Amino acid sequence: MNTLTTRLANSKQKGSFAARARQKRFRLLLDLLQTVPRPISILDVGGNRTFWQNLVQAASHDYGYSADSSNPLFEGMAITLLNIKVDALAQVTSDIDGIRFTYIQGDGCHMPKFADGQFDVVFSNSVIEHVYTFENQQKMAQEIQRVGQRYFVQTPNRYFPVEPHFLFPCFQFLPRPVQRFLLKHWELGWYPKVSEPSVADRMIDEIRLMKRRELQALFPEGELTEEKFAGLVKSFIVHHGF
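Numbering (numbering that gives the first Met the number 0), first residue to last: 0 to 241.
And the structure:
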């Protein structure tokens with residue numbers, strides 16, 4: 000990954016836009032979570048334990064808690080991580096700073112195992128753009144609003160000029176043959192070179208970036224927040240119920 004894309008997209012790179020945006024997102028999420036009575040149950044659709052580890056670290060920094068003390072922001076918090084594929088090592092319930100984790104295999108577009116309003120909060124970070132079609136995005140949005148009393152959903156903006164996964168200017172608007180050609184000859188973003196067209200097609204088809212009006216239509220009661228880079232809207236956060 001070159002220096003420009005590192006500055007823009009690598010959240011592990013200190014000082015990058017992605018790292019700064021993540022810190023702002025953490026602060027917004029933490030401020031909202033503080034308004035929810037404890038104990039609190041959270042469903043993270045398509046998420047992972049690493050995100051919450053980073054959130055705990057951010058809270059320790061921003062709210063002045065020492066690294067070796069229990070953080071009261073997370074006391075009484077139980078998080079269910081829902082993913083299509085669950086790593087075998089992640090089956091064991093484990094805690095972080097008072098947070099209790101449970102791992103469940105499932106599809107965020109269809110969650111019949113969960114009752115209406117079962118979770119205090121449903122959270123999803125950069126997942127809804129990975130379900131292939133707008134129909135699936137509708138299903139995921141409906142399920143999030145069904146099983147959660149509150150929600151917090153983040154997703155990239157389709158019209159930001161640099162595609163956030165392939166990290167190539169306007170990749171999402173290029174003709175399919177051009178997209179295949181680029182993937183065949185260069186490592187783009189987080190992806191290796193792909194010589195087989197069918198494999199490239201699956202990678203491309205998985206990602207459907209969303210427009211503002213689409214997100215507002217799927218979450219009509221949600222409050223929409225913009226994440227910007229150089230004055231341009233890079234991604235959206237929509238939340239409700241806090």
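Here a beta-carbon is modelled for each residue, glycine too, at the ideal position from N, C-alpha and C. Computed from a predicted structure; not experimentally measured.
Shown here, K183 sits in a helix according to DSSP, grouped into three states.
For V152, the uninterrupted beta strand (DSSP E) segment begins and ends at Y150 to P155. Residues E74, G75 and M76 of the same chain have their beta carbon placed closer than 8 Å to that of R37, with the five preceding and five following residues left out of the count. Shown here, K138 sits in a helix according to DSSP, grouped into three states. Under a 10 Å Cβ-count criterion, I83 is classified as exposed, with fewer than 16 other Cβ atoms of the shown protein chains found around its own Cβ.
Residue burial annotation: G230 is exposed, with fewer than 16 other C-beta atoms found within 10 angstroms of its C-beta. Inclusion of P163 and R179 in the CB contact set at 8 Å is not warranted, their separation being larger than that value. For V177, the secondary structure class from DSSP, reduced to helix, strand or coil, is helix.
With contacts defined by Cβ atoms closer than 8 Å, L29 and A58 form a contacting pair. Linking D204 to E134 through their CA atoms gives a straight-line distance of about 13 Å. Excluding its 5 nearest sequence neighbours in each direction, R149 has C-beta neighbours in its own chain below 6 Å: V120, G240 and F241, listed in chain order. Restricting attention to E222, S123 and M209, the CA atom closest to the CA of Q171 is found in M209. The three-state secondary structure of F133, taken from DSSP, is helix. Put simply, the segment 221–235 touches the segment 153–160. At least three CB pairs are less than 8 Å apart. Residue burial is scored here from C-beta neighbours: E186 has fewer than 16 other C-beta atoms within 10 angstroms and is therefore classed as exposed. An exposed status is given to S194, since fewer than 16 other beta-carbon atoms sit within 10 Å of its beta-carbon. For T101, the closest alpha carbon among the candidates V44, H129 and G147 is that of V44. In this chain, the beta strand (DSSP E) harbouring Q104 covers I98 to Q104.
Judged by DSSP secondary structure, D43 falls within the beta strand (DSSP E) whose first and last residues are I39 to V44. 8 Å or more divides the Cβ of L32 from the Cβ of T79. Where E225 is concerned, the enclosing beta strand (DSSP E) starts and stops at E222 to F228.
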